[in-house]
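Colleague: All residue numbers for the sequence shown refer to my numbering, where the first residue is 1 and numbers rise by one.
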Amino acid sequence: MAIERTLSMVKPDVVGKNMIGKIYQRFEAAGLQIVAARMMRLSRPEAERFYAVHRHKPFYRSLVEFMTCGPIMAQVLEGEDAIRKNREVMGATNPDDAEPGTIRADFATNVEQNAVHGSDAPETAVQEIAFFFSNEQICERRAADSRA
Ligand code: CMP
Numbered sequence: 001m002a003i004e005r006t007l008s009m010v011k012p013d014v015v016g017k018n019m020i021g022k023i024y025q026r027f028e029a030a031g032l033q034i035v036a037a038r039m040m041r042l043s044r045p046e047a048e049r050f051y052a053v054h055r056h057k058p059f060y061r062s063l064v065e066f067m068t069c070g071p072i073m074a075q076v077l078e079g080e081d082a083i084r085k086n087r088e089v090m091g092a093t094n095p096d097d098a099e100p101g102t103i104r105a106d107f108a109t110n111v112e113q114n115a116v117h118g119s120d121a122p123e124t125a126v127q128e129i130a131f132f133f134s135n136e137q138i139c140e141r142r143a144a145d146s147r148a
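1) Are the beta-carbon atoms belonging to residue 5 and residue 77 less than 8 Å from one another?
2) Within 10 Å of its beta-carbon, does residue 75 have 16 or more other beta-carbons around it, so buried, or fewer, so exposed?
3) Kindly give me the distance between the Cβ atoms of residue 89 and residue 68, rounded to whole angstroms, as I take these residues to be in contact under 8 Å.
4) Tell me whether residue 112 sits in a helix, a strand or coil according to DSSP, three-state version.
5) So what does DSSP say about residue 138, is it helix, strand or coil?
6) With DSSP as the reference, please indicate the residues paired to residue 42 in a beta bridge.
7) Under the criterion of a Cβ to heavy atom distance below 7 Å, does residue 54 qualify as lining the ligand CMP?
8) By Cβ distance below 8 Å, which residues in the same chain neighbour residue 55 in space, the five residues on each side in sequence not counted?
9) Helix, strand or coil for residue 8, going by three-state DSSP, please let me know.
10) Quick one: give me the first and last residue of the alpha helix (DSSP H) that residue 28 is part of.
11) Report buried or exposed for residue 113, applying the criterion of at least 16 other Cβ atoms within 10 angstroms of its Cβ.
12) Assess, as a yes-or-no matter, whether the region 13-22 is touched by the region 90-99 under the definition of 3 or more beta carbon pairs within less than 8 Å.
13) For residue 24, verify whether its CB is less than 7 Å away from any heavy atom of the ligand CMP.
14) For the ligand CMP, any of its heavy atoms closer than 7 Å to the Cβ of residue 107?
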């Protein structure tokens, strides 16, 4: 299985509850490594651009409101099969449908305030990583791990 990178966001609901570390523990327990991280408050145009694919959905305005209501943590996760693995760790979009033990089952409030975002495919992962990070901001960790 190939080593992949995926874009993850810890959303304003979880940041507001001071639970970033609990989410990072889930990533690390699943064998995903954080190779870049950044806290920021999305501007309205940034949130609109990030979620542009949903612009015709009835929840788009409300989603943009939510995503700009407080800071988010954006991170790049790296590991074997990272895109699928991260989505497994996150659980279904709607926490009512999420498997027990997944992040969304344990931390999400509802289908909108659902704790985390994760890229859904290799092409979107590339686009979403570039949305937040330049190549220089992503740290190579595999070389360091071999010394451990
Ligand atoms: P995310 O994985 O970030 O991708 C799109 C986001 O839109 C999703 O998580 C939710 O935050 C939000 N979303 C998806 N479906 C709905 C819905 N039916 N109602 C409200 N928000 C939604």
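Ideal Cβ positions, reconstructed from N, Cα and C, are used throughout, including at glycine.
Modeller: Working from what's here:
1) yes
2) buried
3) No, residue 89 and residue 68 are not in contact; Cβ-Cβ is about 25 Å, not under 8 Å.
4) coil
5) coil
6) Partner(s): none; residue 42 has no beta bridge.
7) yes
8) 48
9) strand
10) 20-29
11) buried
12) no
13) no
14) no
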